[in-house]
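Going by this note's numbering, the residue at position 140 of the sequence shown is 903; the numbering climbs one at a time, nothing skipped. In this text, a Cβ means the ideal position worked out from N, Cα and C, and glycines have one as well. Since the model is a prediction, treat every value here as computed from it, not as a measurement. Below is one structure, written out as C-alpha cells; the observations come after it.
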Amino acid sequence: MTGPANGTGIRLSAPAPGWAIDADVVVVGSGVAGLTTALRCTAAGLRTVVVTKARLDDGSTRWAQGGIAAALGEGDTPEQHLADTLVAGVGLCDEDAVRALVTEGPAAVRRLIDTGAHFDTSATGELELTREGGHHRRRIAHAGGDATGAEISRALVEAVRAAALRTVENALVLDLLTDAHGRTSGVTLHVMGEGQHDGVGAVHAPAVVLATGGIGQVFSATTNPAVSTGDGVALALRAGAEISDLEFVQFHPTVLFLGSGAEGQQPLVSEAVRGEGAHLVDADGVRFMLGRHELAELAPRDIVAKAIVRRMRERGADHMYLDARHFGAAMWESRFPTILAACRSHGIDPVTEPVPVAPAAHYASGGIRTDLRGRTTVPGLYASGEAACTGVHGANRLASNSLLEGLVFAERIAADIVASRRPGPAEHGPAEHGPLTEAAENPPEAAENVDGLPLIAPEARPVIQRIMSMGAGVLRSARSLEEAARALETVESAAYEPLAPGAKAAVPGVDSWETTNLLCVARVLAAAALEREETRGCHWREDHPERDDTDWRRHLVVRLTPERRLVLGRTGTAGFPPVSPVLIPTDLPQPPADAPREP
C-alpha cells in the first residue's frame, strides 16, 4: 500500500483562495519542531514561511514542563538513553530512528543553547539534570524549574524574529496543494482576521512541513492546548498520506484533578515532580506503586497510568494523590513555580496537602508516517514533532523525548529539503534569497471540494470528545470501541443526510473545519484501537490484557480512500517500514499477503 500519487481528491469545503504567497518552504506550526526547521531552512538561504494557528509562541512546546532528555550528564551515554527508550516503547520503536535521536540529541541541545535557550545550571555552571519516568539516569535538562517549554519557545521565537522570517499568525491550515504529478505545491489556509492577509489564501511551495502538534482535543480532558485539534493529521489523510500507530495515545498519569466533569485543557503536574521524589498515594496515604515496578513512581507512564486507574477501581475513587509535602515551600517555589501557582489557583496548596491527580490525554505517539528524514508517502510533504510518527516512540513515549524528537528530526528535515531542492531558472534567479513576493504569475489554486465533503457542525465537537473519552480512553475493549465507532459514524452520517426542513448545513469556518478534523482523527484512532487486539504500552485492552508479540509486534497503517473509507494495513514485521511499504491484511495471523482491508 503506497500513498496515491494524486491524493484522495478530498478537501475541506472552503472558499477559493483570495491571495497567495510564493516560497521555497512552508512550515505549519510554531513549536520546537516547526521553528527549528524554519530557522535551518532560512539559514540555508531558502525562502521560508511559517504558518501558525495562533500567535507564534502559542504552540504546544510552551506547555512542556519537565524538560528535554539527552545524554549530557557524567556517566550517561546515548546507548543508555537508547535502552531506556526501547523499553518504554514496548517492542515497537524503530531502533534506527531511536539511535538517530539519542546520538544526535546532545549536539542538537547544545545548538539550541547556542540559539539562546537558557537551561537551569548549578553553581559551577553545569547543566542541572533530573530524572523522569523510565529513565535510569538523570538526563532531563530543564529551564525555569518547570517552564522548559516556555523558555525553548521564547528562544526560538526571538531567533525567528531576528532572522526576519516571514510568519502568518492566526491561520488555520486547510489542505495540501499538489501539482499535476501529485507532488506537493503548497497549502491553503484561513487567516482569522488579523495581519496582512485575511480569509482563505494559499502559500505556494514545493516543500511543506507539518509540525501542527497533537490531537488531544479529541478527548474531553487533555493537557493539550485548544489548538491541538489534529489538523495536520487530517490534512495528511486527505492528501493521501499514511497514518501509523495512532492507537497509542499516552495518558499522562498525573494531571491536576478538577472534578469528574472537567473538560478542555487541564493543568499538568510534571513527571519531574516524581523525579524529585514525590509519592503517589491513595486517600489513606498508601504508596501503591511500591512493588508494582522496579522504578515505583518513576516507571514508564503507561505503567503508572494503569496503576492509578486500577487503584481508583479498587477504591471506588475518581482520583489519586501526589504527595510532595516533604519538598517544603522553598523547593516548590524554586523548582516547580508554575505547577505551584496552577495548584494554588485551584485552591490546592502542594506545600501543605497532597495534590489530587488523575490520568488525562497527553501525547500521541503515532501520527503521519515518516522516514528518518521526515518524508511522508506524499512527495514534498514532511511531518515533524507530535504530528509525525517517526518510529521513535513505539507504543509509549519515554518522558521528555518529545522535545528532543522535534529538535533532532527538524534538523534532519531541513537538511533533506536543502539537499533535494531542484534548481529552476524562475525559482533560482539572482533574487532567490530576497523578500517573498505575492504569487502574481501563479494564480492561487481553487480549494475545490472535489467530492462535496460536508462539514461537521461545531455543536458536534463535545459529542465527539465524550464518545472518545468513554470508548477509547485509558480503558478500552471491543465493546467500548465498537460503540465509539458506531457513534462516530452517526455523527458523520448526520452531515451527509438530507437536511430537515428549516435546518442549516454547517458552513465553512474555523469551528466547523476543526470539528471535521477532529472527527477524522477520532475515526482513525478508534478503528486502529479496535483492530489491535492486545495490550501494549499506552494501548490497554481489557478484553485482551496480555501483550501479543507473535501477532501484534508490528505497526498498523491507515489511509483514506477517495470514497472517504479508512483502510487499515499491518506491517509484516516490527521494523518501522519505509515510506512505500508492503503491508499484510490485518485479518490474517501471519504474513505475507499484501491486501489491506477496510475496518
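Every unbroken beta strand (DSSP E) within the segment 957-1027, with a cutoff of 3 residues, ordered by chain: Whole beta strand (DSSP E) segments, 3+ residues: 962-967, 970-973 and 1012-1019.
Outcome for Glu1252 when other beta-carbon atoms lying within 10 angstroms are tallied against a minimum of 16: When all chains shown are included, Glu1252 counts as exposed.
Bounding residues of the beta strand (DSSP E) (the contiguous stretch that carries His953): Residues Thr947 to Val954.
Distance CB(Pro1217)-CB(Ala1268) smaller than 9 Å: Taking 9 Å as the cut-off, the Cβ atoms of Pro1217 and Ala1268 count as close.
Completely contained beta strand (DSSP E) runs for the segment 1081-1118, where each covers 3 or more residues: List check, beta strand (DSSP E) in window: 1083-1086.
Ile773 burial status per 10 Å Cβ neighbour count (16 or more: buried): Its Cβ being crowded by 16 or more others within 10 Å, Ile773 is buried.
Alpha-carbon spacing of Pro1206 relative to Gly896, whole angstroms: Legend: pLDDT at Pro1206 = 41, less than 50; position of this residue unreliable, value from coordinates given subsequently. C-alpha of Pro1206 to C-alpha of Gly896: approximately 52 Å in a straight line.
Nearest-angstrom Cα separation, counted from Val1155 out to Glu1246: Straight-line Cα distance between these residues: approximately 31 Å.
Run of the beta strand (DSSP E) containing Arg1286, from where it starts to where it stops: Judged by DSSP secondary structure, Arg1286 falls outside any beta strand (DSSP E) and instead within the alpha helix (DSSP H) spanning Val1273 to Glu1294.
Burial state of Tyr1259, where buried means 16 or more other Cβ atoms lie within 10 Å: With fewer than 16 Cβ atoms within 10 Å of its Cβ, Tyr1259 is classed as exposed.
Residue range of the unbroken beta strand (DSSP E) whose run includes Val813: Val813 -> beta strand (DSSP E) spans Thr811 to Val814.
Beta-bridge partners of Tyr1126, as assigned by DSSP: The bridge partners DSSP lists for Tyr1126 are Gln1013.
Ser916 classed as buried or exposed, judged by whether at least 16 other C-beta atoms fall within 10 angstroms: Its Cβ being crowded by 16 or more others within 10 Å, Ser916 is buried.
Local Cβ density within 10 Å of Pro1119, reported as buried at 16 or more and exposed below that: Answer is buried; the Cβ neighbour count reaches 16.
For Thr1139, three-class secondary structure by DSSP: In this structure, Thr1139 counts as coil in the three-state DSSP scheme.
Euclidean distance between Cα positions of Val971 and Arg810: Cα-Cα distance, rounded: 12 Å.
Paired residues, beta bridge with Leu940 - DSSP: In DSSP, Leu940 forms a bridge with Gly949.
Nearest residue (CA-CA) to His1082, options Arg1074, His1089 and Ala1290: Checked all of Arg1074, His1089 and Ala1290; the closest Cα to His1082 is Arg1074.
Pair within 9 Å by beta-carbon distance, Arg1224 and Asp1274: With a cutoff of 9 Å on beta-carbon distance, Arg1224 and Asp1274 are scored as near each other.
Ile773 (DSSP reduced to helix, strand or coil): The answer is coil: DSSP assigns Ile773 none of H, G, I, E or B.
Assigned secondary structure, Ala1146 (DSSP; H/G/I helix, E/B strand, else coil): Strand, per DSSP.
Validate contact between the segment 972-985 and the segment 1099-1117 using beta carbons, cut 8 Å, 3 pairs: Counting C-beta pairs with one atom in each stretch, the segment 972-985 and the segment 1099-1117 have fewer than three that are closer than 8 Å, which means they do not touch.
Inter-residue Cα distance where the pair is Ile1131 and Arg1286: Distance between the alpha carbons of Ile1131 and Arg1286: 15 Å.
Cut-off 6 Å between Cβ atoms - residues of its own chain near Leu919, not counting five sequence neighbours on either side: So the list reads Leu798, once near-sequence residues are dropped.
Span of the alpha helix (DSSP H) around Asp859: Bounds of the alpha helix (DSSP H) holding Asp859 are Glu858 to Thr878.
Residue environment, Gly1054, which counts as buried when at least 16 other CB atoms sit within 10 Å: So Gly1054 ends up on the exposed side.
Spatial distance of Pro1063 from Asn1159 (CA atoms): Pro1063 and Asn1159: Cα-Cα distance of roughly 8 Å.
Assigned secondary structure, Pro778 (DSSP; H/G/I helix, E/B strand, else coil): If DSSP states are grouped into helix, strand and coil, Pro778 belongs with coil.
Whole-Å CB distance - Arg1001 paired with Thr1279, under 8 Å assumed: Actually they are not in contact, since the Cβ atoms of Arg1001 and Thr1279 sit about 10 Å apart, beyond 8 Å.
Coil, strand or helix - Val1342 by DSSP: Coil, per DSSP.
Residues near Pro1271 in its chain [Cβ-Cβ closer than 7 Å; skip 5 each side]: Cβ neighbours of Pro1271 beyond the five flanking positions: Ser776, Ala777, Pro778 and Leu1218.
Reduced DSSP secondary structure (H/G/I, E/B, other) of Arg1242: In this structure, Arg1242 counts as helix in the three-state DSSP scheme.
Boundaries of the beta strand (DSSP E) in which Thr1334 is found, first to last residue: Start and end: Leu1329 to Thr1334.
Segment contact flag, the segment 1171-1181 with the segment 794-808, C-beta cutoff 8 Å, min 3 pairs: These segments touch.
Rounded straight-line distance, which links the Cα of Leu1019 to that of Phe1172: Approximately 31 Å between the Cα atoms of the pair.
For Ala783, three-class secondary structure by DSSP: Reduced to three states, the DSSP call for Ala783 is strand.
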